[in-house]
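A.B. asks:
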Amino acid sequence: MQTSGRFLGAVREAVPLVHNITNFVAMNVMANVQLAIGASPAMVHAREEVAEFASLAQALTVNIGTADAQWGAAMEEAAGVVRKAGRCWVFDPVGVAATRFRQDLSDRLLALEPSVVRGNASEILTLAGLGGAARGVDAGDSVAAAEDAARALADRTGGIVAVSGPVDFVTDGARAARVSNGHPMMSRITVMGCSLNGVIAAFCVDQPVFDATVAALAAFGIAGEDAGRTARGPGSFQPAFIDALYHLTPEALDAAARIEEVA
Amino acid sequence: MQTSGRFLGAVREAVPLVHNITNFVAMNVMANVQLAIGASPAMVHAREEVAEFASLAQALTVNIGTADAQWGAAMEEAAGVVRKAGRCWVFDPVGVAATRFRQDLSDRLLALEPSVVRGNASEILTLAGLGGAARGVDAGDSVAAAEDAARALADRTGGIVAVSGPVDFVTDGARAARVSNGHPMMSRITVMGCSLNGVIAAFCVDQPVFDATVAALAAFGIAGEDAGRTARGPGSFQPAFIDALYHLTPEALDAAARIEEVA
Amino acid sequence: MQTSGRFLGAVREAVPLVHNITNFVAMNVMANVQLAIGASPAMVHAREEVAEFASLAQALTVNIGTADAQWGAAMEEAAGVVRKAGRCWVFDPVGVAATRFRQDLSDRLLALEPSVVRGNASEILTLAGLGGAARGVDAGDSVAAAEDAARALADRTGGIVAVSGPVDFVTDGARAARVSNGHPMMSRITVMGCSLNGVIAAFCVDQPVFDATVAALAAFGIAGEDAGRTARGPGSFQPAFIDALYHLTPEALDAAARIEEVA
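Chains as they are written, first to last, in our numbering: chain A, 1152 to 1414; chain B, 1152 to 1414; chain C, 1152 to 1414.
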């Protein structure tokens, strides 16, 4: 496995344009997270321009957190463009267990072979058709319980599946790794997972997707650890987290990454 | 009147799922406020799923700040589901005096008998049909001037009406209380009132609604007082406020609550 | 040229209601920026009420960052109302080089003669039909390169054109000024430009638009300089920036403004 730091270095060098079709709650934080890590974010969803914009960007993230039929159609259109161009796109099935609409939209998006699917354990279990104990948009299942589901899902999409939690699990169906960076406060503020998608997408541009995803998870978790050292609560954690991402260096990422390849 | 602290303890214990159909400005802050107080927020508005999601959640908030006809229809649909299930829902008539569209939508929502209507004095006066001096989304009337309107509105809806201001006024038509916690900086940042709705909704789950609403107002105001002690301005007030909500204990809430029952 | 401080004093005195039709990423920050400077912001976009609301407000800002056809129609409707009433409106052509939809919408909005067009160099070059090297929503061109384009665009609209960058350039076609306040961190967080629009709009209410725009740019840049002195990164820069705007006095603005009239 390649060192994580070089992926961060590549983002800082290339400043990739990342196209995000994300939920209303996440948009501002996600943009600032991508800027802090060194990417150039754009939020574009309108049917009138989404395909044209998708053809300009280096990567795409899709998040169904506040989607409706029109936004869903825009997501399919953009993902279709990016897939055809052979570029990376990241899919986040927020709260997929909650409604039939999310399940149907997720099915259609999975058919467009996302480079990376990232979700919590309940979401990945739901996607894999194994049933989950999802409750709203929180994770009611453990990451360990979702490992088989993640492998099965990766076999279906041909891409990477990442399960977020206290210890993250990443697999391409064959290879797998666990990343144990992070801080408990990250689950006490909203849109952390959504924001992580943008870092994964930036790291994956012109890079091997499995290794880049693992590196992105480590970078994100390390920034959380840094922020947790000074934050007085979830409110002060947020600016501290953005500051930490901004100051994270490739060397610090390599030194602090806790990545374990799974046999 | 019951002690306020036990409502906070109940939220921390139950972690209720609160469904929010709110405005674009408020979504992120409102989610973080609900997480800080101990609830599990979800923002869901699409017609394709709003009724299904409303049936899953323990409470609902509806805020017309950036509504349009489609969002308005989703609000009515969700409120109808929640009312039929006998659960709590909170209605915030943001800027209702400003346009005919807001007045018509508010009329339809009031007919669905919100458990709690929360607004500033101008909004409550407008809703009660007494005319207000509203100006945009700010309060141009005093809370005291809206007390009779609040009682009349509570009689109409059969629920609670809460008027926010330097001293809050809460009534169910018969009983009434004033809550004098809070900090002047709370009116210098956006979406504080919207965020309060989410705390009220969480506090009301499986609880007596009048007492729970009063407790929520006190908790929110106390967190504002805490934040005001360290903030250097409205920018640093925001993270400090989230930190304060997160660290607020039932004991501290009981000790600092300034609640006066009105004869 | 009038002193800048008096424009800030006028905003604090009048607390103008500013109607914003802006992008989803910017809404919350933009509202807090306007509150901090002393204005009263409202975000209203629905076709059902946008004209009625535009007739109530003292100024309007329009930002196409996440527009679609419906929002575009609302922008045209609101701008039409404001123009007819002879009030000030500010147009921000975010990412106009990226898609045909943005270019067509911008053309229609320019025909409604915005009082102020504010963008980065690439956006102004694109608008002026001179072609730009735009990339997403970032500026790929220098401000200096856009000066002629800005003058040409001002001749077309009959209003003010402001080009944001390390040194801002403002012109009404004949007069011109450069404003060199600001801090590099302002380009490392999202929606700073969007938020600036709201300050310009507030400053322009009942004032000479060229001088008011220059003063708004100086005020915004000075707050950035203040925030940059204490921020540890882009995360902590944001609350510090809001605090700095809130504490900025007319005297401090006059003392720190770096404005140069161009011959």
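Using N, Cα and C, we set each Cβ at its ideal position, and we do this for glycine too.
1) When the Cα atoms are used, what is the spatial distance from Pro1265(B) to Ala1249(B)?
2) Closest Cβ-Cβ distance between Asp1394(A) and chain C: below 9 Å?
3) 9 Å is my cut-off, CB to CB: does Ala1197(B) come that close to chain C?
4) Quick one, are the C-beta atoms of Asp1357(A) and Ala1229(A) less than 9 Å apart?
5) If the cut is a Cβ gap below 9 Å, which residues of chain A does Thr1217(C) touch?
6) Starting from Ala1193(B) and walking both ways along the alpha helix (DSSP H), at which residues does that stretch end?
7) Does the beta carbon of Arg1251(A) sit closer than 9 Å to a beta carbon anywhere in chain B?
8) Would you check if the stretch 1240-1254 of chain C and the stretch 1223-1238 of chain A touch, i.e. whether three or more CB-CB distances between them fall below 8 Å?
9) To the nearest angstrom, report how far apart Val1312(C) and Glu1274(C) are at their CA atoms.
10) For Leu1168(B), list the residues DSSP reports as bridge partners.
11) Which term fits Thr1212(A), buried or exposed, when burial requires 16 or more other beta carbons within 10 angstroms of its beta carbon?
12) Report the rounded CA-to-CA distance for Val1318(C) versus Arg1238(C), giving the unit in angstroms.
13) Just checking: is the beta-carbon of Pro1401(B) within a distance shorter than 9 Å of some beta-carbon in chain A?
14) For chain C, find out if any of its Cβ atoms is closer than 9 Å to the Cβ of Phe1415(A); answer yes or no.
15) Could you tell me the alpha carbon to alpha carbon distance between Val1259(C) and Asp1306(C), rounded to whole angstroms?
16) Would you tell me roughly how many angstroms separate the C-alpha atoms of Asn1174(B) and Thr1217(B), rounded to the nearest one?
17) Could you work out which residue in Pro1335(C), Ile1393(C), Ala1391(C) and Arg1383(C) is closest to Ala1395(A) when comparing CA atoms only?
18) At a Cβ threshold of 9 Å, is Asn1271(A) touching chain B?
19) From the DSSP output, read off the bridge partner residues of Gly1270(B).
20) To the nearest angstrom, how far is the alpha carbon of Phe1388(C) from that of His1334(C)?
21) Can you pull the chain E residues whose beta carbon is under 7 Å from the beta carbon of Gln1389(A), in chain order?
22) Which stretch, first to last residue, makes up the alpha helix (DSSP H) that contains Thr1381(C)?
23) By Cβ distance, which residues of its chain are closer than 6 Å to Ala1378(B), with the 5 residues on each side in sequence left out?
24) Taking only three categories from DSSP, how would you classify Asp1255(A)?
25) Among Ala1197(B), Ala1220(B) and Phe1242(B), whose alpha-carbon lies nearest the alpha-carbon of Val1314(B)?
26) May I ask you to verify whether the stretch 1352-1369 of chain C touches the stretch 1334-1343 of chain C, counting CB pairs closer than 8 Å and requiring at least 3?
27) Using only alpha-carbon positions, find the residue among Val1268(C), Gly1189(C), Leu1399(C) and Thr1400(C) that is nearest to Ile1215(C).
28) Determine whether the Cβ of Leu1276(B) lies closer than 9 Å to any Cβ atom of chain A.
29) How would you label Glu1200(A), buried or exposed, when you count the other beta carbons within 10 angstroms and need 16 or more for buried?
30) From Arg1409(B) to Glu1298(B), what does the alpha carbon distance come to, in whole angstroms?
31) If I follow the unbroken beta strand (DSSP E) through Asn1214(B), where does it start and stop?
32) What separation, rounded to the nearest whole angstrom, lies between the Cα atoms of Leu1168(A) and Met1194(A)?
33) Taking the alpha carbon of Pro1359(A) as the point to measure from, which residue in Ala1272(A), Asp1323(A) and Gly1349(A) has its own alpha carbon closest?
34) With H, G and I counted as helix, E and B as strand and the rest as coil, what does DSSP make of Ala1328(C)?
35) Using a C-beta to C-beta distance shorter than 8 Å, which residues of chain B count as neighbours of Asn1339(A)?
C.D. replies: On the basis of the supplied data:
1) 21 Å
2) yes
3) no
4) It is not a contact, given that the beta carbons lie outside the stated cut-off.
5) Met1178, Met1194, Val1195, His1196 and Ala1197
6) From DSSP, Ala1193(B) is part of no alpha helix (DSSP H) but of the beta strand (DSSP E) over Ser1191 to Met1194.
7) yes
8) no
9) So the alpha carbons of these two residues sit roughly 11 Å apart.
10) Ser1191(B)
11) buried
12) About 28 Å.
13) no
14) Residue 1415(A) lies beyond the range of chain A shown here (1152 to 1414); nothing can be said about it.
15) With the sequence shown as reference, residue 1259(C) is identified as Arg, and Val is not the correct amino acid for it. Using only the alpha carbons, I get a separation of about 16 Å.
16) 5 Å
17) Arg1383(C)
18) no
19) Beta-bridge pairing links Gly1270(B) to Val1314(B).
20) If you take the alpha carbons of Phe1388(C) and His1334(C), they lie about 10 Å apart.
21) The chain labelled as chain E is not found among the protein chains of the depicted structure, namely A, B and C.
22) Counting along the chain, the alpha helix (DSSP H) containing Thr1381(C) begins and ends at Val1360 to Thr1381.
23) Phe1388, Ala1391, Phe1392 and Ala1395
24) helix
25) Phe1242(B)
26) no
27) Nearest C-alpha to Ile1215(C): Val1268(C).
28) no
29) buried
30) 18 Å
31) Ala1210 to Asn1214
32) 11 Å
33) Asp1323(A)
34) In the structure shown, the three-state DSSP call for Ala1328(C) is strand.
35) Checking the displayed sequence, the identity of residue 1339(A) turns out to be Arg instead of Asn. Near Arg1339(A) (Cβ distances below 8 Å), the residues of chain B are Leu1186, Ala1187 and Tyr1397.
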